[in-house]
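First comes the structure, then the notes that go with it.
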Amino acid sequence: MLHRLAWCLPVGLVLACTGDTPLPPCTQGGDCASGACEAGVCVDPPTCTDGRKNGDESDLDCGGSCAAGGGSTCATGKACTNGDDCQSGQCEAKVCAPVLCKNGRLDPGESDVDCGQACGPCANGKKCQAASDCTSLSCDATVCGIPDCTNGVQDGRETGNDCGGPCTDTPRPAECKNTCKACEVGSACTLPRDCASRRCINNTCAP
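Numbered per the numbering used here, the sequence shown spans residues 3 to 209.
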């Protein structure tokens, strides 16, 4: 938006006016009495209510210093540089995003309501897409559950497929649905108890 000034000269008994004349051109704020230069023209200093995206605002009249101290933060869908610019506190791909993980809805990036994937792990009974979505580290048929040593997949804290980990211990820990067998030579391990040979070398069961 260009600010213009009108100037007039006396002609006989009346004033003859030129119309609007552009304010001085500029290349930087220091060229202007206002300290603000936009599109090569001096303009009024930026404010958080001037209807223009200027200063350090991330979007029109919001974000940047306008958002300081909980001031004019930007709504979902507006541009941002970090979470402080947004009402939700969430800035994703430079756009203010809705609050995830605590809005009571199933959002993209969650495997169940407010948990899994981008959020914290889910409790047993909640939906999952991977073992990491579950507090139990067991995702069976897309549902978090107690680790099972007979389900044909490596889950819970197993070191191999249905073998190793704390579920090999006696007595069996409460976190385990059943007892896992010790792993065969060549399987991954973290402790000797994970291996039938009781030899775990470089995180691999050895003969």
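Note that CB positions come from ideal geometry on N, CA and C, so glycine has one too.
If you're wondering where the values come from, they're calculated on a predicted model, not measured in any experiment.
DSSP-derived helix/strand/coil call for Thr137: It is coil, neither helix nor strand.
The stretch 49 to 67 in contact with the stretch 25 to 35 per 3-pair CB rule at 8 Å: Contact annotation: the stretch 49 to 67 does not touch the stretch 25 to 35, with fewer than three C-beta pairs closer than 8 Å.
Nearest-angstrom beta carbon gap, Asp164 and Cys151 [assumed within contact, 8 Å]: With a Cβ gap of about 5 Å, Cys151 and Asp164 count as contacting.
Beta-carbon proximity of Pro149 to Cys169, cut-off 8 Å: Yes, the pair counts as a contact, with Cβ atoms nearer than the cut-off.
Sequence-distant residues of its chain with Cβ nearer than 8 Å to Cys64 (five each side left out): Contacts found: Cys50, Ser74, Thr75, Cys76, Ala77, Lys80, Asp87.
Sheet register partners of Val145 (DSSP bridge): Bridge partners of Val145: Lys129, Asp142.
Ala176 (DSSP reduced to helix, strand or coil): Secondary structure at Ala176: coil, using DSSP grouped into helix, strand and coil.
Test item: CB-CB of Cys191 and Thr181 under 8 Å: The answer is no: Cβ separation not under 8 Å.
Per-residue DSSP class, three states only, for Cys10: Only weak support exists for where Cys10 lies, its pLDDT of 46 falling under 50; the coordinates are left without a value.
Nearest to Gln89 (by Cα), restricted to the options Gly167, Ser60, Arg200: Minimum Cα-Cα distance from Gln89 among the listed residues Gly167, Ser60, Arg200 corresponds to Ser60.
Contact belief for Cys141 with Asp157 at Cβ below 8 Å, rounded distance in angstroms: Sure, about 7 Å apart at Cβ, within 8 Å.
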